Amino acid sequence: MALKETKNVKRYHSIKDVARMFNVNESTLRYWETVFDEISPRKTSNGARYFTDEDIESVRLIHHLVKERGMTLDGARRKLRENRETTVNHEALSNRLKEVKNKLLLLVEALKDIEQTR
8 MALKETKNVK RYHSIKDVAR MFNVNESTLR YWETVFDEIS PRKTSNGARY FTDEDIESVR
68 LIHHLVKERG MTLDGARRKL RENRETTVNH EALSNRLKEV KNKLLLLVEA LKDIEQTR
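8 is the number of the first residue of the sequence shown in the working numbering; add one for each residue after it.
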């Protein structure tokens, strides 16, 4: 019988942590929560917000549409409502392309270093 792996994964993330993940203000996240139904963090009795992984995925998509692609909040809301799956695929592709670009830039730097040592 195989042993279960125990993961030390947080189930909920504070608004401060999520704001740091996306380099946005906490007030931005609170505002997005009022605009987008996809974001619905759990709130404690004193009003502290705790985001699930699903909330964070929604924030990631919204951040991609608004901050990276320059869409308005209304445009992003419509895009998510009309075709969320395509938006998820585009965001994943965009992230993969960024990774490839970063690796290529590292290779260029390495080649420059090699040329300088010759």
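Ideal Cβ positions, reconstructed from N, Cα and C, are used throughout, including at glycine. If you're wondering where the values come from, they're calculated on a predicted model, not measured in any experiment.
Hey, how far is the Cα of residue i from the Cα of residue j?
i	j	result
residue 21	residue 125	51 Å
residue 32	residue 54	17 Å
residue 51	residue 19	12 Å
residue 41	residue 105	30 Å
residue 60	residue 39	16 Å
For the alpha helix (DSSP H) containing residue i, list its first residue and its last residue.
i	result
residue 38	33-42
Three-state secondary structure (DSSP) at residue i?
i	result
residue 85	helix
residue 47	coil
residue 21	strand
residue 28	helix
residue 124	helix
If you follow the beta strand (DSSP E) that residue i is part of, which residue opens it and which one closes it?
i	result
residue 56	56-58
For my contact list, residue i and residue j are in at a C-beta cut-off of 8 Å; report their separation, rounded to the angstrom.
i	j	result
residue 94	residue 87	6 Å
residue 36	residue 66	7 Å
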